[in-house]
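The structure appears right after this line, and notes come after that.
2 protein chains.
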Amino acid sequence: MERHIDQELKALNQDILRMGALAEEAIYRSVEALKNRDPQEARNVIDNDSQIDRLELDVDEHCVDLIARFQPMAKDLRFIATGMKINAELERIADIAVDIAQRTLELVEKPLLKPLVDIPRLAAVAQNMVKLSIDAFVQGDIALAKQVLSSDAQADQLRNAIQKELVDNYMVKDGATAPRAVQLLLIARFLERICDHTTNIAEDVIYMVQAEVVRHHPERLEGQN
Amino acid sequence: MERHIDQELKALNQDILRMGALAEEAIYRSVEALKNRDPQEARNVIDNDSQIDRLELDVDEHCVDLIARFQPMAKDLRFIATGMKINAELERIADIAVDIAQRTLELVEKPLLKPLVDIPRLAAVAQNMVKLSIDAFVQGDIALAKQVLSSDAQADQLRNAIQKELVDNYMVKDGATAPRAVQLLLIARFLERICDHTTNIAEDVIYMVQAEVVRHHPERLEGQN
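Same order as they appear, the protein sequences are chains A and B. Start counting the first sequence at 1; every next residue gets the next number (our numbering). Start counting the second sequence at 1001; every next residue gets the next number (our numbering).
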């Protein structure tokens, strides 16, 4: 028999999926704006962020409200607490898309420094990690969460390659490229930070699923107090 | 009469104060290592991070446990939920001190680029914002939280001044300085990100104190469901 709280938890899942979709879209659009040198699209990303901020507050409030009304048992409580953390991570991810859009607005005012290859590749990795980490949460799937953690090495590698190319092949050789190269370098680091947020989500999911195992054995908890 | 949960909430306050002190210390030591070109101190910051990571998990577990055992009412629940978020922010702040220590290890291998003036100044702002934001939480003090938010402009300004100086006066004039100048630029951005985390904490505190006002009027909540 389905409990009333199960419906509420499903609704929370939907909220997190929606936050995840909005965050993914913000990343995608910010990097499209960069690739296409499209200031209007960059401004759209910046403008849309307030919608994501509001949704974050709603989801957060909803979580506290759920706990207050249902006084859920350990497993459900851990799920809601993890949902609150992931909600905050997704809001931060969307904020980073705004950072990318702001760098883009500065870059489109100047001539193109170089064709972008690795930055869109890193953006695709970041977007995929957002998607995987949210799926890991919604399905409570440790294997998916571990996939996120193992993708992070690829993100680090791409970020380092981008940084090295910009420093060695542009800034060092021709100091005049530095103002633009620094913006691209920051964008690469923003994307890699998005990946770091998804590893936070993945770690929270693993902890949620594993803590659940502990919490099925309350005697272990008693020993801790 | 003091309720049993009040003792537990005081203990949570102590935990957050301890996390805050550790995070502040990590910032201070990472910037001392940079200023004194001291690789051993940088390595200490990196090594100490696992202690902060463990404390974060303990505090988090303790919060969930508190909710499960006491089924606290709205005000206490919001306090605990905010404590969980702040705990996560403080762990991230300590991670950024590790980032600074890692950049420092690379910088000490090369000749000094320039005497550091604004970076230690920005570090002092960041440390003070950490302290203020934690005090705001522990005392539930909106005025302190607002002080954190208004300090952020100063941090942004310092970060921008540092970035502009490094790009205009070093990288553009002499490309050979770029590898070191980029490391310093990243350190300035790390410090400014620490400030951003403290504004997250301040916003959480304001939301906690204000939501409390709403929650003293349960009829308003009923209307939301």
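Each residue gets a CB set at the ideal place from its N, CA and C atoms; glycine is no exception.
Compare the C-beta of residue i with all C-beta atoms of chain A and state if any pair is closer than 8 Å.
i	result
valine 1130 (chain B)	no
alanine 1068 (chain B)	yes
alanine 1033 (chain B)	no
glutamine 1051 (chain B)	no
glutamine 1154 (chain B)	no
valine 1209 (chain B)	no
alanine 1074 (chain B)	yes
glutamine 1071 (chain B)	yes
glutamine 1007 (chain B)	no
Are there 16 or more other CB atoms within 10 angstroms of the CB of residue i, so buried, or fewer, so exposed?
i	result
proline 1115 (chain B)	exposed
valine 64 (chain A)	buried
arginine 1037 (chain B)	exposed
valine 1117 (chain B)	exposed
lysine 164 (chain A)	exposed
asparagine 169 (chain A)	exposed
lysine 1085 (chain B)	buried
asparagine 87 (chain A)	buried
aspartate 6 (chain A)	exposed
serine 50 (chain A)	exposed
proline 72 (chain A)	buried
histidine 197 (chain A)	buried
leucine 1112 (chain B)	exposed
glutamate 1091 (chain B)	buried
asparagine 1160 (chain B)	exposed
arginine 1003 (chain B)	exposed
alanine 136 (chain A)	buried
serine 150 (chain A)	exposed
aspartate 174 (chain A)	exposed
glutamine 1014 (chain B)	exposed
arginine 1180 (chain B)	buried
arginine 1069 (chain B)	exposed
arginine 1054 (chain B)	exposed
glutamate 1109 (chain B)	exposed
glutamine 1127 (chain B)	buried
glutamate 106 (chain A)	exposed
alanine 1153 (chain B)	exposed
aspartate 47 (chain A)	exposed
glutamine 139 (chain A)	exposed
Ends of the alpha helix (DSSP H) at residue i?
i	result
glutamine 1147 (chain B)	1142 to 1165
alanine 81 (chain A)	74 to 107
tyrosine 1028 (chain B)	1004 to 1035
alanine 1176 (chain B)	Where alanine 1176 (chain B) is concerned, there is no enclosing alpha helix (DSSP H), given that its DSSP letter is neither H nor E.
asparagine 1048 (chain B)	1039 to 1070
valine 130 (chain A)	118 to 139
Taking 8 Å as the threshold (beta carbon to beta carbon), is residue i in contact with chain B?
i	result
valine 167 (chain A)	yes
alanine 123 (chain A)	no
arginine 3 (chain A)	no
valine 64 (chain A)	yes
arginine 78 (chain A)	yes
The ligand HEM heavy atoms versus the CB of residue i: any closer than 7 Å?
i	result
arginine 1092 (chain B)	With respect to the ligand HEM, the structure shown offers nothing to examine, as it has no ligands at all.
Does residue i come within less than 8 Å of chain E when only Cβ atoms are used?
i	result
glycine 1083 (chain B)	Structure shown: chain E not included; protein chains present are A and B.
Closer than 9 Å, Cβ to any Cβ of chain B: which residues of the segment 161 to 191 of chain A, in chain order? Gln163, Leu166, Val167, Asp168, Tyr170, Met171, Val172, Lys173, Asp174, Gly175, Ala176, Thr177, Ala178, Pro179, Ala181, Val182, Leu185, Leu186 and Arg189
Just by C-beta distance, which residues in the segment 1082 to 1112 of chain B are closer than 7 Å to chain A? Met1084, Lys1085 and Ala1088
Output needed in chain order: residues of the segment 130 to 150 of chain A with a Cβ under 7 Å from some Cβ in chain B. none
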